[in-house]
Amino acid sequence: MPKRVLTGRVVSDKLDKTVIVLVECRIMHSLYKKFFRRSNKYAAHD
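When we follow our numbering, the leftmost residue of the sequence shown carries the number 1, and every step to the right adds one.
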């Protein structure tokens with residue numbers, strides 16, 4: 001069982017058996033209390 005399940009959108013499928021998934025999360029700034037998006041790209045095997 002995985003520790004966490006990430007949800008994202010596929011941004012590239014040009015590789016043979018791998019897709020690139022962009023995962024975004026909203027984070028609140030601790031001082032200014034404004035939400036901003038932080039994103040990571042992960043390679044997922046087909």
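In this text, a Cβ means the ideal position worked out from N, Cα and C, and glycines have one as well. This structure is a prediction, so every number in the text was calculated from the model and none was measured.
Quick check: what's the CA-CA separation for residue i versus residue j?
i	j	result
Asp16	Ile27	34 Å
Arg37	Gly8	13 Å
Pro2	Ser12	24 Å
His45	Glu24	19 Å
Lys34	Asn40	20 Å
Arg4	Val21	15 Å
Val10	His29	27 Å
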